[in-house]
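Below: the structure, in structure tokens.
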Amino acid sequence: MTISRRNVLLGGAGLAGAAALPGFGAMPAFAQGAAMPQFKPEPGASLRVLRWSPFVKGEEDAWLANTKKFTEATGIEVRIDKESWEDIRPKAAVAANVGSGPDIVWVWFDDAQQYPDKLLDVTPLANALGAKFGGWYPGNEAYAKADGKFIALPLATIGNAVCYRDSWVKDAGFSTFPNDTKGFLELAKALKAKNHPMGFTLGHGVGDGNNYCHWVLWSHGGKMVDDQGKVVINSPETIAALKYAAELYKTFIPGTESWLDVNNNRAFLAGEISVTANGVSLYYAAKNDPKLADMAADIKTTNMPVGPTGVAELAQTTSACIFKYSKFPQAAQAYMAFMFDAPQMNAWIQGASAYCCQTLKAFANNPVWTSDPNHAPYAKASELLRPNGFSGPLGPQSAAAMADWIVVDMVAEAATGQRTPEEAAKRAETRANRIYRR
467 MTISRRNVLL GGAGLAGAAA LPGFGAMPAF AQGAAMPQFK PEPGASLRVL RWSPFVKGEE
527 DAWLANTKKF TEATGIEVRI DKESWEDIRP KAAVAANVGS GPDIVWVWFD DAQQYPDKLL
587 DVTPLANALG AKFGGWYPGN EAYAKADGKF IALPLATIGN AVCYRDSWVK DAGFSTFPND
647 TKGFLELAKA LKAKNHPMGF TLGHGVGDGN NYCHWVLWSH GGKMVDDQGK VVINSPETIA
707 ALKYAAELYK TFIPGTESWL DVNNNRAFLA GEISVTANGV SLYYAAKNDP KLADMAADIK
767 TTNMPVGPTG VAELAQTTSA CIFKYSKFPQ AAQAYMAFMF DAPQMNAWIQ GASAYCCQTL
827 KAFANNPVWT SDPNHAPYAK ASELLRPNGF SGPLGPQSAA AMADWIVVDM VAEAATGQRT
887 PEEAAKRAET RANRIYRR
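Per my numbering, residue 467 is the first one in the sequence shown, and the count goes up by one each step.
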């Protein structure tokens, strides 16, 4: 898949339809009894939104269609820009620091924690949405709050699951996919012997690299910091995780240490690897290509194997931030209120084909989750996710540690033999201490 940047300008049909929108003037909000804030968009308001490039076209199409509905009802023009996943973080940080740029940005994980003072307090809107739609999932809420206030609106969790070629797994001698790390390693060896290696991202992939490397660490009981935020990454549990990663890496296709978020997709769809971890987009890329019909029928999905210390998955989250420098904060909040309303949010989740898991509990009954058996591992992504700051608090330190790729680099160094597990853990400890002692 080629990721490119494209701008879309959505024009409007005047403010005549504004009264039909939730949160405008004295009109009823989402539903009777829901105490939604009332927004009064600024005269002449227009908005610019920066989002990540889509991996599922239906997701983007649904968001644009919902945006068009907003524009047609209000006359507020909304320009949607998009950047590659790796570029969103630096672009958002630059906008925060210089005080100009998009009104709204979709950020990753706890990126918002790096510049909370630059973001609009959206607590009234977030609390109202939570009250109306069954509450926020705790992990998503934690990413979006600082000092008890919502500095962002939790938008989605992009589920992560094992995607594998069922026939190749069976040919390797496994009637079912192993559900623990020990069996997983044995399967990896068997697949390698059949010339069907696995491949997991060990490069700076915002989603796939972080998800895989945190799973390796957490599944063996390792963690960056303890409950008080003390760095404890250099531990026996971490060493065990890194030794396991090194054994597993021996079964991988060469080159995974340089992979970004698109590379495992490409390798899988080219038939070069048998197993990887990815969003449901990988399955749909095959399903929507007539040339890959046989592959699509052979793809199965499952949750990551359980490690010695249990289930521990990261799951990538994205939140929508409104910058304080925006000239149109009322319009920006009205836009987000509209996009979270049930007709629009359900349409977006449906259009994403299980790629974007809801952050509000009421949307868990969206029919997309039961429309295909391969959606099942992604259905509870928001419910099961563990925040990346585990087990300490989220904040500027946890955000900086992730932005600095400490866990990913550590796992990659040990897996590839660049450093011994002990050396990699020690280096990660030194880097983490520089951040957490600030």
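Beta carbons: idealized from backbone N, C-alpha and C, even for Gly. This structure is a prediction, so every number in the text was calculated from the model and none was measured.
Within the stretch 530–617, the complete beta strand (DSSP E) segments at least 3 residues long are 543–549 and 570–574, listed from N- to C-terminus. Between K548 and H662, the alpha-carbon positions lie close to 35 angstroms from each other.
Setting aside the 5 residues that flank it on each side, F599 is surrounded in the same chain by L826 and A828, each with a C-beta closer than 6 angstroms to its C-beta; the list follows chain order.
In this structure, the straight-line span from the alpha carbon of A818 to that of N812 is close to 10 angstroms.
If you draw a straight line from the Cα of S848 to the Cα of R893, it is about 32 angstroms long. The shortest CA-to-CA distance from A627 to any of N832, I765, F794 and A808 is the one to I765. Cβ neighbours of G776 within its own chain (closer than 8 angstroms, five residues either side excluded): S685. When only Cα atoms are considered, A845 and N645 end up about 18 angstroms apart. With a contact defined as Cβ atoms closer than 8 angstroms, W681 and E779 qualify at about 6 angstroms.
Taking C-beta separations shorter than 8 angstroms and ignoring five residues to either side along the sequence, the partners of C629 in its chain run F734, V741, T742, A743, N744, L748, Y749, I765, K766 and T767, following chain order. With fewer than 16 other Cβ atoms inside 10 Å of its own Cβ, A763 counts as exposed. Excluding its 5 nearest sequence neighbours in each direction, M664 has C-beta neighbours in its own chain below 8 angstroms: A654, L657, K658, L714, T717, F718, I719, I739, S740, V741 and T742, listed in chain order.
Annotated as distal: T540 and P568, with beta-carbon spacing of 9 angstroms or more. Of the candidates P862, N532, G614 and D674, N532 places its Cα closest to the Cα of R545. Contact between the stretch 874–886 and the stretch 831–845 is not established, with fewer than three Cβ pairs separated by less than 8 angstroms. Just so you know, the alpha carbons of I705 and Y609 end up roughly 28 angstroms apart. Taking C-alpha positions only, P520 is separated from M805 by approximately 17 angstroms. With contacts defined by Cβ atoms closer than 9 angstroms, W574 and W518 form a contacting pair.
Taking all protein chains shown into account, S566 has fewer than 16 neighbouring C-beta atoms within 10 Å of its C-beta and is therefore exposed. Counting every other CB atom within 10 Å of its CB across the protein chains shown gives V560 a total below 16, marking it as exposed. Under the 10 Å beta carbon count, K615 is surrounded by fewer than 16 other beta carbons and is classified as exposed.
DSSP places I765 in the uninterrupted beta strand (DSSP E) bounded by I765 to T768. Listed as beta-bridge partners of N744 by DSSP are A627.
DSSP places R514 inside the beta strand (DSSP E), whose first and last residues are S512 to W518.
V522 and Y801 do not touch by the CB rule: their CB atoms are close to 22 angstroms apart, not below 8 angstroms. Under the three-state reduction of DSSP, S848 is assigned to helix. Contact annotation: A797 and L595 have beta-carbon atoms that are not nearer than 9 angstroms. For L851, the closest alpha carbon among the candidates S641, T784, I815 and N700 is that of T784. Here DSSP, grouped into helix, strand and coil, assigns L826 to strand. Residue pairing of P620 in beta bridges, as defined by DSSP: S785. Around the beta carbon of D576, a 10 Å sphere encloses 16 or more other beta carbons of the protein chains shown; the residue is thus reported as buried. DSSP lists G773 as the beta-bridge partner residues of G776.
By the beta-carbon neighbour count (other beta carbons within 10 angstroms, threshold 16), S512 is buried.
Residue pairing of V697 in beta bridges, as defined by DSSP: V691. Under DSSP, M664 takes part in a beta bridge, and its partners are F718.
The three-state reading of DSSP puts F650 in helix, counting H, G and I together.
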